[in-house]
Amino acid sequence: MEKKKTTPPPVLDSYLQLVYLKAKVKWAEWMDRQSSRLGTKGIRILFIAVSTLFGTICLLLILSGGQLFYTKPHLRPDAIQTVRAPSSAIDKAASPDTTAMKQIKMFHNYMEDLSMTESGRKTRDSILEARPGLPDSIRILESIYNNKKSD
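Residue numbers (this note's numbering): 661 to 811.
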């Protein structure tokens, strides 16, 4: 069963919007009172000071590569291990006519047999509809085995 998402009632939503609007108005009035006490020269000085402060912090972050306030991690990541390619002796020992190749051939025969009758075609179509990438995967596996056979 899926849980249905509940939406807040419209009354609560409108109340929250009203509270948010009042808070914004109070903030704007307070900022207006603060800036009215400063003249244009004071506002310019404040602007330059704040811009310099934030610019300095940004410059320090850029120059430190984002590591300015960074502490060493408590967990160390594992080293990346390279994947070793199998030796040629293993490739030569593996026969291209393995059980997997036999199963692929049996699957092809089964799908061909299904194509012979009307009910078989329905079964085949339902299989292909449920797993649309199956024929491509089988084709890729066959090409891998055929490439091993030619090597």
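Think of the CB as a built atom: it goes at the ideal place given N, C-alpha and C, for glycine as much as any other residue.
Excluding residues up to 5 positions away in sequence, Leu-774 and Ser-775 lie with their Cβ nearer than 8 Å to the Cβ of Arg-781 in the same chain.
Within the stretch 678 to 742, the complete alpha helix (DSSP H) segments at least 4 residues long are 700 to 723, listed from N- to C-terminus. In this structure, Met-766 keeps its C-beta atom at 7 Å or more from the C-beta atom of Tyr-805. Cβ-Cβ distances below 8 Å link Glu-789 to nothing in the same chain once the five nearest sequence neighbours on each side are left out. Just so you know, the alpha carbons of Leu-678 and Gln-741 end up roughly 58 Å apart. For Gly-780, the enclosing alpha helix (DSSP H) begins and ends at 778 to 790. Beyond the five residues adjoining it in sequence on each side, Met-771 comes within less than 7 Å, by CB distance, of Arg-784 in the same chain, given in chain order. For the pair Leu-698 and Lys-686, the Cα-to-Cα distance works out to about 19 Å. Shown here for Ile-764: same chain residues with a beta carbon closer than 7 Å to its own, the five before and five after excluded, namely Ile-798, Leu-801 and Glu-802 in chain order. Per DSSP, reduced to three states, the secondary structure at Ala-745 is coil, with no helix or strand assignment. In the three-state reduction of the DSSP assignment, Ser-775 falls in the coil class. Counting only the Cα atoms, Leu-713 lies some 35 Å from Leu-676. The beta carbons of Ile-703 and Ser-695 sit about 6 Å from each other, so the pair counts as a contact at 8 Å.
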